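In my numbering, the protein residues as written are 70 to 262. Ideal placement from N, C-alpha and C gives every residue a C-beta, glycine not left out. This structure is a prediction, so every number in the text was calculated from the model and none was measured.
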């Protein structure tokens, strides 16, 4: 069976379309993107754009009952401690600048608290923080507090395929659409009353 010129021209767009669809399917299922997952007690916050994300853990020292602050950031594909702040006295904490010289970083005393900035202490791709034994722990993401009392917080960098990211984005849009529709219906019912 010999294909005529017209039939060959008809097959070309079909073959091109099938190849294009195959490339897209392979791309969205096999190409990975990196996401930051902050999980706590069965719930996850997934952050796709995490270059400028600050994660802050603040809690009261168990003996002195003064606030201790740890600030984390993502750098070079790892979770790193960026800054530490605590009072210069108390059990289990360095109490003088001499104790901190081993870090090789600038240590400041501000309002009676020791602050180590630009620490760059990288901890790896996953960090587990047990919060059940902390006194008044607070978790802040970009200075916005995550409400709740959690037993454990897991901060991890994970590889995710593009299809999962796309589906999650579509589900978010669907939820936004549902919320807008519900609000519009409530407003419409309220206006009609």
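Practice item. May I have the straight-line CA-CA distance separating residue 189 from residue 140, to the nearest angstrom? Key: Your numbering for residue 189 matches position 120 in the chain shown. Your numbering for residue 140 matches position 71 in the chain shown. If I take the Cα positions, the gap works out to 11 Å.
Output needed for residue 228: all residues of its chain with C-beta closer than 7 Å, excluding positions within five of it in sequence on either side, in chain order. On the chain shown, position 159 is the one that residue 228 refers to. Taken in chain order, the residues that qualify are 101, 103.
Item checked: Nearest-angstrom beta carbon gap, residue 194 and residue 226 [assumed within contact, 8 Å] -> Translated into the one-based positions of the chain shown, residue 226 becomes position 157. Translated into the one-based positions of the chain shown, residue 194 becomes position 125. 5 Å between Cβ atoms; contact.
With a CB to CB cut of under 8 Å and the five nearest residues on each side skipped, what residues in its chain are close to residue 113? Within the chain shown, numbered from 1, the residue matching residue 113 stands at position 44. Closer than 8 Å at the Cβ level, and outside the excluded window around residue 113, lie 106, 107.
Which residues bound the beta strand (DSSP E) around residue 206? The residue given as residue 206 occupies position 137 in the chain shown. Segment 204-210, the beta strand (DSSP E) holding residue 206.
Minimum C-alpha distance to residue 223 - residue among 84, 124, 94: Your numbering for residue 223 matches position 154 in the chain shown. Cα-wise, what sits closest to residue 223 is 124.
field: Cβ neighbour criterion (16 or more within 10 Å) applied to residue 155
entry: The residue you call residue 155 lines up with position 86 of the chain shown. In the assembly as shown, residue 155 is a buried residue. Its beta-carbon has 16 or more other beta-carbons within 10 Å.
query: What is the rounded straight-line gap between the Cα of residue 238 and the Cα of residue 211?
result: For this step, residue 238 is matched to residue 169 along the chain shown. For this step, residue 211 is matched to residue 142 along the chain shown. The straight-line gap from Cα to Cα measures roughly 21 Å.
> Going straight from the alpha carbon of residue 90 to that of residue 232, what length do you get?
Replying inline: Within the chain shown, residue 90 is the residue found at index 21, counting from 1. Within the chain shown, residue 232 is the residue found at index 163, counting from 1. For residue 90 and residue 232, the distance between alpha carbons rounds to 14 Å.
* At what residue ranges does the region 74-149 contain a whole run of the beta strand (DSSP E), taking only runs of 3 or more? -> 101-109, 112-116, 123-129, 136-144
Excluding the 5 residues flanking residue 117 on each side, which residues of the same chain have their C-beta closer than 7 Å to its C-beta? On the chain shown, residue 117 is found 48 positions in, with the first residue counted as 1. Cβ within range, chain order: 104, 234.
Notebook entry, point to check: Rounded to a whole number of angstroms, what is the C-alpha to C-alpha distance between residue 248 and residue 181?
Noted result: Looking up residue 248 in the chain shown gives position 179. Looking up residue 181 in the chain shown gives position 112. C-alpha separation (whole angstroms): 47 Å.
* Quick one: is residue 185 buried, meaning 16 or more other Cβ sit within 10 Å of its Cβ, or exposed? -> Within the chain shown, numbered from 1, the residue matching residue 185 stands at position 116. Burial call: buried.
| query | Out of 204, 197, 203, 236, which has the shortest C-alpha to C-alpha gap to residue 109? | reply | One-based indexing of the chain shown puts residue 109 at position 40. Of all alpha-carbon atoms in 204, 197, 203, 236, the one lying nearest the alpha-carbon of residue 109 is that of 197.
Q. Any idea which residues DSSP pairs residue 230 with across the strands?
A. Along the chain shown, one-based indexing puts residue 230 at 161. DSSP lists 101 as partners of residue 230.
Go through its chain and collect everything with a Cβ distance to residue 122's Cβ below 8 Å, but skip five positions before and after it. Taking the chain shown and counting its residues from 1, one reaches residue 122 at position 53. The answer, listed in chain order, is 105, 116, 142, 143, 210, 211.
Report task. Return the bridge partner residues of residue 193 from the DSSP annotation. Result -> Your numbering for residue 193 matches position 124 in the chain shown. For residue 193, which the question treats as bridged, DSSP gives the partners 148.
**Message:** So, at 6 Å on beta carbons, what are the nonlocal neighbours of residue 192 in its own chain, with the 5 sequence-adjacent residues on each side left out?
**Reply:** For the purposes of this step, residue 192 is taken as residue 123 along the chain shown, with counting starting at 1. Cβ neighbours of residue 192 beyond the five flanking positions: 148.
List the residues that DSSP assigns as beta-bridge partners of residue 225. Taking the first residue of the chain shown as position 1, residue 225 is located at position 156. Bridge partners of residue 225: 106, 195.
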